[in-house]
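The structure appears right after this line, and notes come after that.
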Amino acid sequence: MVNAVDMVEVWRGPFLESMHRGHAVICDDTGQIVQAWGDPGAVVLPRSSSKMLQALPLITSGAAAAHDLTQAQLALACASHNAAAIHVDAVQGWLAHIGKCDDDFCCGPQEPRDIAIRDALIREGRAPDRVHNNCSGKHAGFLTLAKHLRAGPDYVAADHPVQVAVKDAFEEVTTETTPGFGIDGCSAPNFASSLHGMARAMAFFAAARDGAGTQSSAAAALTQAMVTHPELVAGEGLACTELMRACGGRVALKTGAEAFFIAIIPERKLGVALKIVDGGTRAAECAIAAILVRLGMLDPAHPAAQTFLNAPIRNWDGLETGMIRPAPELA
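Going by my numbering, the first residue of the sequence shown is number 33, and it counts up by one from there.
Okay, here's the thing in structure tokens:
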């Protein structure tokens with residue numbers, strides 16, 4: 033990606049040891065760029081940062097209402113969870129509610145990122161299930177939509193009615209024709225857009241309100257679900273959960289693989305999208321925290337902000353050897 037700018041520095045003692053470069057866009061609800069770093073036109077795969085867009089048809093189709101989905105389930109549809117008990121139990125309950133089972137998932141089994149659940153599986157001599165996949169909430173949403181549409185079981189196929197609906201919603205809120213898709217880690221298509229397009233979509237979510245149209249009502253419901261249940265969107269100690277809590281429910285946040293991150297800021301009607309070009313998650317977390325501080329949404333002195341904004345680097349003996357911090361252009 034050309035024209036990327038310095039966004040995050042990695043220091044070891046007095047030496048600048050590494051630099052992460054990237055792109056970021058802040059967009060308002062008219063679709064206009066408020067501020068940008070790097071190239072707003074860079075074509076990106078938003079990965080899991082697009083889960084709210086992928087969940088829109090779950091609501092707009094009537095599937096969520098028909099199956100009496102709760103706000104917590106809508107949050108899980110947007111989640112990249114760490115497979116803690118609160119996530120696994122909730123997704124299993126959702127599957128039972130719609131008459132499906134683990135084998136109906138098209139996402140692959142994944143070792144839980146929650147240490148307690150992982151260790152319990154090892155002690156029991158059990159392999160991880162598909163429900164442990166960090167995207168299982170999204171896939172429960174896909175299964176619910178497929179059932180509602182009376183569509184076939186291969187709901188991750190690009191020409192399946194579920195993914196056709198996702199693509200249509202994606203293009204509507206980014207206001208772009210997607211140039212194509214890549215297959216995500218969970219086997220679903222991940223549609224590409226410009227970085228500006230993703231920021232524009234997040235601004236749409238930020239300005240959305242119930243009763244302002246089907247798509248707007250759905251976007252508002254998903255945003256509210258995320259800020260009400262930050263623990264379901266990621267998990268304890270993870271950036272999305274901890275930074276949403278630190279922002280006091282005023283911002284919805286969602287990370288994506290390969291160092292993507294978005295923010296939805298309803299009170300300012302602003303959307304943020306950023307991409308670190310080397311795929312370094314540590315840099316994306318630092319950069320989104322810096323932008324939230326810049327916009328007055330995050331107190332830089334909050335412990336969660338300090339965890340990601342000026343993250344200490346420690347060696348194996350626990351000694352602090354340096355830090356990760358925003359580059360001057362971003363700080």
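Even glycine gets a Cβ: it sits at the ideal position worked out from N, Cα and C.
- In the DSSP assignment, P344 is bridged to M355.
- In summary, D71 is buried, with 16 or more beta-carbon neighbours lying within 10 Å of its beta-carbon over all protein chains present.
- Closest by C-alpha distance to C167, out of K301, S81, H129, is S81.
- The residues L227, K307, in chain order, have a CB closer than 6 Å to that of V76 in the same chain once the five nearest residues on each side in sequence are set aside.
- Rounded to the nearest angstrom, the Cβ distance from A87 to G214 is 19 Å, too far for a contact under 8 Å.
- In the structure shown, A111 falls within a coil segment according to DSSP collapsed to helix, strand and coil.
- Put simply, the stretch 220-234 touches the stretch 300-317. At least three CB pairs are less than 8 Å apart.
- Using a Cβ-Cβ distance cut-off of 8 Å, the stretch 254-267 and the stretch 106-118 are in contact, since at least three pairs of beta carbons, one from each stretch, lie closer than that value.
- Checking the DSSP bridge columns, you'll see M51 partnered with E41.
- Contact between the stretch 290-298 and the stretch 38-45 is absent: fewer than three C-beta pairs spanning the two stretches fall below 8 Å.
- Here T176 is near A95, since their CB atoms are less than 7 Å apart.
- Under DSSP, A68 shares a beta bridge with V57.
- In the structure shown, F237 falls within a helical segment according to DSSP collapsed to helix, strand and coil.
- A Cβ-Cβ distance of about 13 Å is found for the pair F223 and T207, leaving them out of contact under the 8 Å criterion.
- By DSSP's assignment, F213 forms a beta bridge with F223.
- Annotated three-state conformation of A266 is coil, per DSSP.
- When DSSP states are grouped into helix, strand and coil, I320 belongs to the helix group.
- Spatial neighbours of P141 in its own chain (CB-CB distance under 8 Å, excluding positions within 5 residues in sequence) are listed in chain order as A159, P160, D161, R162, H164, N165.
- Counting along the chain, G303 sits inside the beta strand (DSSP E) bounded by residues 302-308.
- With the rule of 3 Cβ pairs closer than 8 Å, the stretch 266-286 does not count as touching the stretch 240-253.
- Ranked by how close their Cα comes to the Cα of G217, the residues H171, D135, A178, R241 have H171 in first place.
- By a beta-carbon distance limit of 8 Å, S219 does not contact C133. Their separation comes to about 17 Å.
- Relative to H129, the option among K179, R314, T92, R145 whose CA is nearest is K179.
- When the five nearest sequence neighbours on each side are left out, the beta carbons in the same chain lying within less than 6 Å of the beta carbon of L181 are those of P193, in order along the chain.
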